[in-house]
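**Student:** Quick note on numbering: this note's numbering labels position 45 of the sequence shown as 77, and the sequence is numbered without any gaps. By construction, the Cβ of each residue, glycine as well, lies at the ideal position given by its N, Cα and C atoms. All figures in this text were calculated on a predicted structure; none of them were measured in a lab. Sharing a structure with you now.
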Amino acid sequence: MTERKDDIGLDAFFAAARDDVPLPSGDLMARIQAEALAEMPVAGARAAPGFWAQLRDALGGWKGAAGLAAACACGVWIGISPPEGLSDYWQGAEAGLGALGLDPVSGYDLALFEG
């Protein structure tokens with residue numbers, strides 16, 4: 033019941049219609065292309081980006097500029113009111129390499145053991 037063979041006679045007509053596809057003439061296609069090219073907008077000269085746009089692009093866009101602004105705000109905040117624990121490690125102008133106990137060439141110690 034589900035298999036109907038009523039449209040078998042139409043398959044030949046559909047196949048003939050698919051085989052006989054009319055193509056537009058070359059003259060018509062040339063006229064369409066000429067009209068399309070005439071309607072296309074002309075590309076204008078782009079204005080050079082301003083200083084702020086160049087700076088924003090150099091920083092990596094708005095995300096980079098926002099990160100830099102947040103880091104600057106944190107630096108100003110820590111500079112104005114430093115945390116209490118920070119004064120134990122840094123005492124201002126009197127701090128130096130000797131006060132921290134760091135040797136600038138301590139990274140070469142393991143190289144001396146290799147021989």
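(1) Please state whether DSSP places A75 in a helix, a strand or coil.
(2) Need the endpoints of the alpha helix (DSSP H) that V108 sits in, please.
(3) Using the C-alpha atoms, what's the distance from A103 back to I112?
(4) By Cβ distance, which residues of its chain are closer than 7 Å to A97, with the 5 residues on each side in sequence left out?
(5) With DSSP as the reference, label A80 as helix, strand or coil.
(6) Would you mind working out which of G93, R78, A77 sits nearest W84, comparing C-alpha positions?
(7) Compute the Euclidean distance between the alpha carbons of L55 and A62, then round it to the nearest angstrom.
(8) What residue range is occupied by the uninterrupted alpha helix (DSSP H) comprising P51?
**Tutor:** On the basis of the supplied data:
(1) coil
(2) 93-112
(3) 14 Å
(4) R88, L91
(5) coil
(6) G93
(7) 13 Å
(8) The sequence given here has Asp at residue 51, not Pro. That run of the alpha helix (DSSP H) goes 40-51.
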